[in-house]
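Step one of this worksheet: look at the structure below.
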């Protein structure tokens, strides 16, 4: 992949070099490894949204300026937003919330704690359990 100004990694490298920072210095500022910074600058990977915000703040550049023109990164961000929606539309989330409300508003004493715990476990593990069961029964 030849360097182009439209790639996120090339923009990041340019900002870093304008400050006179090494990859190590930037990595320390972001609390990531030097290898992570290298990977981003080589356009072989992208930072998560929290690091993207930190980079924007460190260099006084908008996120839009950082990612504009890098279609692959824009698609990656779109995919991440889709995954968040999938998590919120997970039936286990709603089933868990329902169990928590039942425990809080219908039962008293130890059953309240039991239903709340079952509800929390359902929220956390429902999707993984369903996928494991599907895999188990496919065999």
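Numbering (our numbering), first residue to last: 243 to 381.
Ideal Cβ placement from N, Cα and C applies to all residues, glycine included.
DSSP on residue 251, reduced to helix/strand/coil? helix
Kindly confirm or deny that the region 252-268 and the region 296-309 touch, where touching means at least three C-beta pairs closer than 8 Å. yes
Within 10 angstroms of its Cβ, does residue 289 collect 16 or more other Cβ (buried), or is it exposed? buried
Between which two residues does the alpha helix (DSSP H) holding residue 334 run? 333-347
Just mark residue 309 as buried or exposed, buried being the case when its beta carbon has 16 or more other beta carbons within 10 Å. buried
Residue 297 by DSSP, collapsed to three states: which one? helix
List the endpoints of the continuous alpha helix (DSSP H) containing residue 278. 276-283
C-beta atoms of residue 285 and residue 311 nearer than 8 Å: no
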